[in-house]
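These notes concern the structure reproduced below.
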Amino acid sequence: MSRRAAQGLDNPGFTVGDEAPAAAAEAFGRPFALDDSQYDEIDLTDKSGGDSAATSPDTGEPPPPGAASKGAGDADGDARCGWCLFRPGLLQRFRTAKWVLFWLCWAGTMQGMVVNGFVNVVISTIERRFALRSTQSGLVAGGYDIASFACMVPVTYLGGRPGASKPRWLGWGVVVMGIGSLVFALPHFASGPYRGATSAPNVCHNVTDLYGETGAVPGCPAAGAGGEAEHLSRYMWVFLLGQLLHGVGASPLYTLGVTFIDENVTKKMSSVYLGIYYTMAIIGPAAGYVLGGELLKVYVDFVTVDSADMGLTPNSNVWVGAWWIGFLFAGALCLLLAAPLMAFPPALPGAAELQAQKVSEAHGDSRAQAFSKVRELPRALRSLLGNPTFFFLNLAGASEGLLIAGFAAFLPKLIENQFSLSASRAALLVGLITVPAGGGGTFLGGYLVKRLGLTCSGIIKLCVTATVLGAAFTSCFFLSCPNLQFAGVNAPYGNASAGGGAPAATGIGGGALDAPCNAGCGCSPARFDPVCGVDGVMYYSPCHAGCAREATLADLKVFDECACVTAPPREMSREDGGDVIFQATNETCASKCPYMWAFVVLAFFTMLFTFMATMPALSATLRCVQDDQRSFALGIQWIKVRLLGTIPAPIVFGKLIDETCRLWQEPCPGFDPSEGACLVYNNDFMARYMLALAFIGKAASLLFFFLAWWFYIPPSSLREALATAGTPSSVETPSVPPTTGPVLMNGHAGPHDDGLPVPA
Numbered sequence: 052m053s054r055r056a057a058q059g060l061d062n063p064g065f066t067v068g069d070e071a072p073a074a075a076a077e078a079f080g081r082p083f084a085l086d087d088s089q090y091d092e093i094d095l096t097d098k099s100g101g102d103s104a105a106t107s108p109d110t111g112e113p114p115p116p117g118a119a120s121k122g123a124g125d126a127d128g129d130a131r132c133g134w135c136l137f138r139p140g141l142l143q144r145f146r147t148a149k150w151v152l153f154w155l156c157w158a159g160t161m162q163g164m165v166v167n168g169f170v171n172v173v174i175s176t177i178e179r180r181f182a183l184r185s186t187q188s189g190l191v192a193g194g195y196d197i198a199s200f201a202c203m204v205p206v207t208y209l210g211g212r213p214g215a216s217k218p219r220w221l222g223w224g225v226v227v228m229g230i231g232s233l234v235f236a237l238p239h240f241a242s243g244p245y246r247g248a249t250s251a252p253n254v255c256h257n258v259t260d261l262y263g264e265t266g267a268v269p270g271c272p273a274a275g276a277g278g279e280a281e282h283l284s285r286y287m288w289v290f291l292l293g294q295l296l297h298g299v300g301a302s303p304l305y306t307l308g309v310t311f312i313d314e315n316v317t318k319k320m321s322s323v324y325l326g327i328y329y330t331m332a333i334i335g336p337a338a339g340y341v342l343g344g345e346l347l348k349v350y351v352d353f354v355t356v357d358s359a360d361m362g363l364t365p366n367s368n369v370w371v372g373a374w375w376i377g378f379l380f381a382g383a384l385c386l387l388l389a390a391p392l393m394a395f396p397p398a399l400p401g402a403a404e405l406q407a408q409k410v411s412e413a414h415g416d417s418r419a420q421a422f423s424k425v426r427e428l429p430r431a432l433r434s435l436l437g438n439p440t441f442f443f444l445n446l447a448g449a450s451e452g453l454l455i456a457g458f459a460a461f462l463p464k465l466i467e468n469q470f471s472l473s474a475s476r477a478a479l480l481v482g483l484i485t486v487p488a489g490g491g492g493t494f495l496g497g498y499l500v501k502r503l504g505l506t507c508s509g510i511i512k513l514c515v516t517a518t519v520l521g522a523a524f525t526s527c528f529f530l531s532c533p534n535l536q537f538a539g540v541n542a543p544y545g546n547a548s549a550g551g552g553a554p555a556a557t558g559i560g561g562g563a564l565d566a567p568c569n570a571g572c573g574c575s576p577a578r579f580d581p582v583c584g585v586d587g588v589m590y591y592s593p594c595h596a597g598c599a600r601e602a603t604l605a606d607l608k609v610f611d612e613c614a615c616v617t618a619p620p621r622e623m624s625r626e627d628g629g630d631v632i633f634q635a636t637n638e639t640c641a642s643k644c645p646y647m648w649a650f651v652v653l654a655f656f657t658m659l660f661t662f663m664a665t666m667p668a669l670s671a672t673l674r675c676v677q678d679d680q681r682s683f684a685l686g687i688q689w690i691k692v693r694l695l696g697t698i699p700a701p702i703v704f705g706k707l708i709d710e711t712c713r714l715w716q717e718p719c720p721g722f723d724p725s726e727g728a729c730l731v732y733n734n735d736f737m738a739r740y741m742l743a744l745a746f747i748g749k750a751a752s753l754l755f756f757f758l759a760w761w762f763y764i765p766p767s768s769l770r771e772a773l774a775t776a777g778t779p780s781s782v783e784t785p786s787v788p789p790t791t792g793p794v795l796m797n798g799h800a801g802p803h804d805d806g807l808p809v810p811a
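Written out as structure tokens, the structure reads:
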């Protein structure tokens, strides 16, 4: 799932925002009926002699160049679109908030597609390809948040200072992100061909031929060629480096990018733009899941190897898809996207006037002055940390971030193992959940804020409601499927009905895979090539199933004369019209679990309500701090979210998943037994651990959102406006009969400040 994001998924929620959209089309200039009484006429005449530069109530953005004469800001060359000295007049028509939104949406989509899409989809694949454990792959997944944590303060502080060019920071960030994608794909080209699958026979009577005169075992390097474990260790660090670059490059997107949008549109239209931006950021991971899943149907070495020659299909247990293609594509596209972002000026025309007409809803009455010097950083930090609403919103974001980042990284792996699906189909199901639930929930949450006219207090109440509903649907993790029977692991040889009667095998060295039916075969544990017997039992390899004959039909391998398979053989038609008798195939046995679609539906609603809280939470975050501290506040919040949530999440989830392993890989004889991926998991324990994590995380989020509401105190200016206006949504231009003001009780707003319109 919404890391990062699912972290959103990198979950962008719980960090930014303002009022919600009335309609997405409103942001792109479509006429929309508004009550003129809701807007005051503001004199935007350029005092230096320029013409007026009014803003449009329909689009909420400054007028395009040509609608007004050049003002003071326009006279400066830095206010023109272009690069260095190349700032042609043709580009100035693109100097609008709509074009900023367009390119930021593309950048956000690419970030989500790579970090929360491609990376999460290929986790189980690179574990199999490079013999990584889930704890190691969790560290790789967490590298993004580690880098973001390290870069957040300098990026938001330096990029948010007066005079800093936010578009330039954004553009260079996208460049670094593209380089990270190229680095992430590098292990494919440096590691050589995939040795986990081979066309060499692996049946009982041919096992002595596998070693030949050199003693080399297929799937292992020859003597003196370097250990497989050494390669795996090295490539894990390459993956981590790529993720670190992803984190460095993406750090400005949801801090400086959000504030740049907010500074250049009206307050009423801010959430329309931000809603579209965050919706695209959610669609990015969804596209990554779908596209990444489709790419996994292509064999990893398709350029040099025909998978059909080895009898492999995406349903084969040793199949590894082309995980690296998506990263090459994303890296190239990111490098192209950087150019238009860096062309925008530090501020669009009319931005200063827009900022002047906005009314603050910051917590309490203290007015923090703008800070632009490093020595003022401690004072600004104390101001934010002394804001209890901001503090508890951060903790709520951390608990939600832990769940989103953890499930984003390992939900495909969970579905793959629980329902015995291929990696590509599991990714497709996660994408099916993410597209409507993540995007729709984000946009719906923003819409409700605007539709209901909520103040900061009411917005936090909406977050509480969404969290309660999301927690209720975490019951999806109660739906645990029984493990497929695996001979020597959870079922004894020769007795398919015994189920889990055999003792658990924690490794290969214990001899649990050996049985009288394969005792004379001398099977090697280094050759993991699982087959499904016609008795419905999985076997470690054709050799361990005691199979003596092998045949290839199109892209499927079948085996016969299997001494360990107790069921009678079956027949299958050849392409030439003949029949072949078999007792095992090199595919995964079909699961009889009926809960898959029930799980998908419940997971959909869990994600829907989780992401429905993102826009309200980000609105509350920006409203409860001073306007001139927004960039810095977002940076501080993301530090807390990453430090307490998204950084440890993949490692914690990966460690717990490793604890459910029943059978570990031993890549080659003599290597460290701590190396290697897990081959068989305990589904029941995996579901229990995921349920416990989901329930604890949601309970913590609910508590923190409640405390954020309880300690919120509206500023005196807002309380006065509420006392003279009939609705908290009309703070900018009151137009409703006056009512009595809110009563402060126990440090939070009383009954009249419940965030809903107050009766006249």
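Just so we're on the same page, our numbering is the position in the sequence shown counted from 1, plus 51. Yeah, the Cβ is synthetic: ideal placement off N, Cα and C, and Gly gets one too.
Own chain partners of residue 376 with C-beta closer than 6 Å, once the 5 adjacent residues on each side are dropped: One-based indexing of the sequence shown puts residue 376 at position 325. Within the same chain, residue 376 has close Cβ partners 346.
Validate contact between the region 361–377 and the region 195–204 using beta carbons, cut 8 Å, 3 pairs: no
Proximity below 8 Å, CB of residue 606 to CB of residue 362: The residue you call residue 606 lines up with position 555 of the sequence shown. The residue you call residue 362 lines up with position 311 of the sequence shown. Cβ distance < 8 Å, so residue 606 and residue 362 count as in contact.
Reference residue 473, options 758, 639 and 162, closest by Cα: Taking the first residue of the sequence shown as position 1, residue 473 is located at position 422. Measuring from the Cα of residue 473, the nearest candidate turns out to be 639.
Simplified DSSP assignment, three categories, for residue 334: Residue mapping note: residue 334 aligns to position 283 of the sequence shown, counting from 1. It is helical.
Same chain, Cβ closer than 7 Å to residue 604, five either side skipped, listed in chain order: Counted from its first residue, the sequence shown places residue 604 at position 553. Taken in chain order, the residues that qualify are 623, 625 and 631.
Buried or exposed (CB count within 10 angstroms, at least 16 for buried), residue 745: Reading the sequence shown from its first residue, position 694 is the one you call residue 745. Burial check for residue 745: the Cβ neighbour count within 10 Å reaches 16 or more, so the residue is buried.
Exposure label - residue 209; buried when at least 16 CB within 10 Å: Residue numbering aside, residue 209 sits at position 158 when the sequence shown is read from its first letter. Exposed, by the Cβ-count rule.
Buried or exposed by the 16-neighbour rule on C-beta atoms within 10 Å, applied to residue 354: Locating residue 354 in the sequence shown gives position 303, counting from the first residue. The residue in question, residue 354, is exposed, as its Cβ has fewer than 16 Cβ neighbours within 10 Å.
Per-residue DSSP class, three states only, for residue 643: Walking along the sequence shown from the start, residue 643 turns up at place 592. Three-state DSSP puts residue 643 in coil, outside helix and strand.
Cβ neighbours of residue 495 in the same chain (closer than 6 Å, five flanking residues each side left out): Within the sequence shown, numbered from 1, the residue matching residue 495 stands at position 444. Contacts found: 663.
Cβ neighbours of residue 480 in the same chain (closer than 7 Å, five flanking residues each side left out): Within the sequence shown, residue 480 is the residue found at index 429, counting from 1. So the list reads 466 and 651, once near-sequence residues are dropped.
Proximity to residue 645 [Cα-Cα], best of 755, 538 and 533: Along the sequence shown, read from residue 1 onward, the residue named residue 645 stands at position 594. The residue with the shortest Cα to Cα distance from residue 645 is 533.
Close Cβ partners of residue 657 (< 7 Å) along its chain, the five nearest in sequence each way excluded: Position 606 of the sequence shown, counted from the first residue, corresponds to residue 657. Same-chain partners within the cutoff: 521, 524, 525 and 527.
Inter-stretch contact at 8 Å, needing at least 3 Cβ pairs: the region 332–343 / the region 691–707: no
CB contact flag (residue 586, residue 637, <8 Å): Translated into the one-based positions of the sequence shown, residue 586 becomes position 535. Translated into the one-based positions of the sequence shown, residue 637 becomes position 586. Not closer than 8 Å, so no.
Anticipated Cβ contact below 8 Å, residue 191 with residue 435, distance rounded: As a position in the sequence shown, residue 191 is number 140, starting the count at 1. As a position in the sequence shown, residue 435 is number 384, starting the count at 1. Wrong, their Cβ atoms sit about 32 Å apart, outside the cutoff.
Sequence-distant residues of its chain with Cβ nearer than 6 Å to residue 659 (five each side left out): Start at 1 with the first residue of the sequence shown, and residue 659 comes out as number 608. 488 and 492.
DSSP-derived helix/strand/coil call for residue 607: For the purposes of this step, residue 607 is taken as the residue at position 556 of the sequence shown. Correct three-state label for residue 607: strand.
Separation of residue 469 from residue 171, as counted between CA atoms: Here residue 171 refers to the residue found at position 120 when the sequence shown is read from its first residue. Here residue 469 refers to the residue found at position 418 when the sequence shown is read from its first residue. The alpha-carbon atoms of residue 171 and residue 469 are separated by roughly 17 Å.
Residues near residue 613 by beta carbon distance below 6 Å, same chain, minus five either side: Taking the sequence shown and counting its residues from 1, the one referred to as residue 613 is at position 562. Cβ neighbours of residue 613 beyond the five flanking positions: 596, 597, 598, 634 and 635.
Start and end residues, beta strand (DSSP E) containing residue 631: Working through the sequence shown from its first residue, we reach residue 631 at position 580. Residues 630–633.
Cβ-based burial, residue 387 [other Cβ within 10 Å; buried from 16]: Within the sequence shown, numbered from 1, the residue matching residue 387 stands at position 336. It is exposed - the Cβ of residue 387 has fewer than 16 other Cβ atoms within 10 Å.
Pair within 8 Å by beta-carbon distance, residue 609 and residue 618: Numbered from its first residue, the sequence shown carries residue 609 at position 558. Numbered from its first residue, the sequence shown carries residue 618 at position 567. Contact flag unset, no.
Host alpha helix (DSSP H) of residue 486 (start-end): Here the question's residue 486 lines up with position 435 in the sequence shown. Counting along the chain, the alpha helix (DSSP H) containing residue 486 begins and ends at 474–503.
Any 3 or more C-beta pairs closer than 8 Å across the region 147–158 and the region 380–397: yes
Residue closest to residue 328, alpha-carbon to alpha-carbon, out of 161, 443, 168 and 188: For this step, residue 328 is matched to residue 277 along the sequence shown. Among 161, 443, 168 and 188, the Cα nearest to that of residue 328 belongs to 161.
Sequence-distant residues of the same chain with beta carbon closer than 6 Å to residue 475, five excluded per side: Stepping through the sequence shown from its first residue, residue 475 is reached at position 424. Excluding residues within five positions, the ones whose Cβ falls inside 6 Å are 344, 347, 348 and 365.
Whole-Å CB distance - residue 336 paired with residue 167, under 8 Å assumed: Against the sequence shown, residue 336 aligns to sequence position 285. Against the sequence shown, residue 167 aligns to sequence position 116. Yes, they are in contact, since the Cβ atoms of residue 336 and residue 167 sit about 4 Å apart, within 8 Å.
Member of 670, 647 and 747 whose CA lies at the smallest distance from the CA of residue 497: On the sequence shown, position 446 is the one that residue 497 refers to. Ranking 670, 647 and 747 by Cα distance to residue 497 puts 670 first.
Where residue 323 sits in the DSSP three-state scheme: Position 272 of the sequence shown, counted from the first residue, corresponds to residue 323. DSSP places residue 323 in helix when its eight states are reduced to three.
Any 3 or more C-beta pairs closer than 8 Å across the region 678–698 and the region 440–459: Touching, per the Cβ criterion.
Candidates 308, 338 and 339, of which the one nearest residue 324 by Cα: Numbered from its first residue, the sequence shown carries residue 324 at position 273. Of 308, 338 and 339, the residue nearest in Cα terms is 308.
Nearest candidate by alpha-carbon position, reference residue 326, set 542, 500 and 741: Translated into positions along the sequence shown, residue 326 becomes position 275. Residue nearest to residue 326 within the set 542, 500 and 741 is 500 (criterion: CA-CA distance).
DSSP state of residue 537 mapped onto helix, strand, coil: Mapped onto the sequence shown, residue 537 falls at position 486. If DSSP states are grouped into helix, strand and coil, residue 537 belongs with the strands.
Terminal residues of the alpha helix (DSSP H) in which residue 584 lies: Here residue 584 is taken as the residue at index 533 of the sequence shown, counted from 1. Per DSSP, residue 584 lies in no alpha helix (DSSP H) segment; the continuous beta strand (DSSP E) that holds it begins and ends at 582–584.
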